[in-house]
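Below is one structure, written out as structure tokens; comments come after it.
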Amino acid sequence: MITDALVRDKFVHDTLSEGIRKIHATQEQTLRSAYHERTGQLRASLSARRSISTSQGHAHTFYVRALPYLRFLDMAYRHRTDRLAKYRRAHHALYNRVVWGVLYHETFPELTYGFTDEVRARLGNELREILDTTAKHTLKTN
0 MITDALVRDK FVHDTLSEGI RKIHATQEQT LRSAYHERTG QLRASLSARR
50 SISTSQGHAH TFYVRALPYL RFLDMAYRHR TDRLAKYRRA HHALYNRVVW
100 GVLYHETFPE LTYGFTDEVR ARLGNELREI LDTTAKHTLK TN
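Residue numbers (numbering that gives the first Met the number 0): 0 to 141.
Listed below in structure tokens is the structure:
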């Protein structure tokens, strides 16, 4: 049985997962275009896009691994105030500007205003298809 709470949980999970994917993609793109690669370990760890989501009842928790080295790369251009440093701060941001920009300007508004009747219907149909497919597969194996 598909309940409204199940549809809402799927919407929240999908929206947060998309925000996390966008954060990782933006960080990887900035790193690839603006920073010199030495060993490639930072790029490899960003490409892995490790995040874990757990749920207990209606509570969902996302664990995202934030690399401390990203914070130090982001802070490296904070000391100077000339034009070059300002350009680098604006175009080479890896952490705060990316993370909070995606969360506050895209993910949180989507969570607040994006759960419309059309989204409810679409997610409900997706969940019904998944349940029907699983039920048919279970009946075939038994």
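For each residue, glycine too, the CB sits at the ideal point set by N, CA and C.
Would you call Gln28 buried or exposed, if buried means 16 or more other Cβ atoms sit within 10 Å of its Cβ?
So Gln28 ends up on the exposed side.
According to the neighbour-count rule (16 or more other Cβ atoms, all chains shown, within 10 Å of its Cβ), is Ala134 buried or exposed?
So Ala134 ends up on the exposed side.
Compute the distance between the beta-carbons of Leu72 and Leu93, then report whether it is under 8 Å.
Result yes, Cβ atoms of Leu72 and Leu93 sit closer than 8 Å.
Nearest CA to the CA of Ile22: which residue from Glu105, Val11, Gly56 and Gln55?
Answer by Cα proximity: Glu105.
Report the residue from Tyr62, Arg42, Gly39 and Gln40 whose alpha carbon sits nearest the alpha carbon of Ser50.
Nearest C-alpha to Ser50: Tyr62.
Taking only the alpha-carbon atoms, compute the straight-line gap between His35 and His91 and give it to the nearest angstrom.
Answer to the nearest angstrom: the Cα atoms are 12 Å apart.
Give the DSSP bridge partners of His59, in chain order.
In the DSSP output, where bridge partners are listed per residue, His59 has Ser54.
Taking the alpha-carbon of Arg70 as reference, which of Asn95, Thr2, Arg7 and Thr14 has the nearest alpha-carbon?
Here the closest residue by C-alpha is Asn95.
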